[in-house]
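Take a look at the structure set out below.
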Amino acid sequence: MKTVFHKHSLLHSFAAACLLAFAFLYSTSIDAQRCGVNGITFTQQAGFGNNSQIIIGGYGQNDGAINFNCYSDSSVYGRSRIFNRPVGMLPPAGSPVPTWSSRIFQDLPAGILRIQTSGVNNACYDSVNWNRGLTMHTSGSVGIGTNPVSNFMLAVNGGIACKNDVFITLTGITWPDYVFTPTYRLKPLSQLEQEIDSLGHLPEMPSAQTVETEGMSVTTITTTVVKKVEELTLYTIDQQKQLDALAKDNAELKKQTEQLIKRNEELNALIERLLKEKE
């Protein structure tokens with residue numbers, strides 16, 4: 408009787424363990440997410456804690472995406488999401504472990520990798536106010552405080568402070584050294600004066616209104632300013648040549664004047680002597 412009772416106890420224990428395992432597998436199911444390995448699929452989710460999920464296959468996808476998730480969100484496009492908590496575990500009540508803390512998203516439609524926190528402004532991304540701290544597009548373009556801007560690799564919404572030098576390599580820009588070539592002709596200053604009176608600013612330079620409304624290209628404004636400085640240098644050199652010529656003429660006139668004065672003095676002295684001899 409003791410041996411039979413022992414076998415029945417083992418049989419009951421095995422059956423109870425199977426029921427518990429079966430109940431556990433079904434208790435983790437929330438929706439129809441799947442994990443497929445070589446054609447073998449499990450129409451359940453795996454996890455520990457309420458709403459905890461390890462999903463292979465993604466939300467509505469069958470491309471092998473992997474989500475480490477703690478909630479259901481039909482708007483998820485990321486290939487992977489890793490939250491700042493033990494995967495599949497919820498912190499106990501009163502625990503200092505932050506809920507919805509740091510996490511990484513890759514938004515496939517937008518092609519953007521996001522590193523963000525929730526509920527606070529931070530260096531990378533604020534998901535409450537949707538303010539961009541730092542955004543990097545898959546094309547390599549970067550936005551700081553703003554979205555990346557088309558045709559530009561870096562967009563910054565704010566000032567830039569640089570401790571050392573900023574070096575720019577120009578492509579497709581003609582540096583205005585051609586101003587110093589023998590064939591370059593400066594405008595007469597009278598013509599330049601008329602254009603300034605008409606435009607209200609230097610020719611080829613943007614107006615104040617244009618800069619305020621449209622901004623300006625640093626490359627364009629730099630090359631234009633260099634061109635104007637070189638033209639001003641040529642005007643200054645030309646004026647200096649004219650001043651040197653005038654100074655030379657004045658020196659010659661002064662010399663001639665001094666000679667005339669000397670001859671006049673000699674002539675006056677001769678006249679006085681002749682008058683005395685006549686007396």
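By this note's numbering, the letter at position 279 of the sequence shown is numbered 686, and the numbering carries on one by one without gaps. Where a beta carbon is used, it is the ideal one built from N, C-alpha and C, also for glycine.
Quick one: what's residue i bridged to in DSSP?
i           : result
residue 551 : 541 and 563
Once DSSP output is grouped into helix, strand and coil, what is the label at residue i?
i           : result
residue 659 : helix
residue 686 : coil
Closest to residue i by C-alpha separation, out of the options, would be which residue?
i           : options               : result
residue 582 : 543, 636 and 682      : 636
residue 595 : 667, 680 and 639      : 639
residue 577 : 658, 676 and 626      : 626
residue 566 : 557, 559 and 553      : 553
residue 629 : 575, 588 and 657      : 575
residue 405 : 670, 612, 676 and 652 : An answer regarding residue 405 cannot be provided, because it is not within the stretch 408 to 686 covered by the chain.
residue 562 : 676, 547 and 588      : 547
residue 587 : 675, 685, 644 and 669 : 644
residue 559 : 571, 570, 543 and 616 : 543
residue 564 : 571, 555 and 570      : 555
Looking only at its own chain, which residues have a Cβ that is under 8 Å from the Cβ of residue i, when we skip the five neighbours before and after it?
i           : result
residue 614 : 606, 607 and 608
residue 580 : 626 and 630
residue 642 : 593 and 596
Looking only at its own chain, which residues have a Cβ that is under 7 Å from the Cβ of residue i, when we skip the five neighbours before and after it?
i           : result
residue 681 : none
residue 610 : 602
residue 591 : 585
residue 676 : none
residue 623 : 613
residue 659 : none
Leaving out five residues before and five after residue i in sequence, what residues of the same chain have Cβ atoms less than 6 Å from its Cβ?
i           : result
residue 600 : none
Task: Whole alpha helix (DSSP H) elements within the region 554 to 623, 4-residue minimum - done: The DSSP assignment places complete alpha helix (DSSP H) segments of no fewer than 4 residues inside the region 554 to 623 at 596 to 606 and 615 to 621, in order along the chain.
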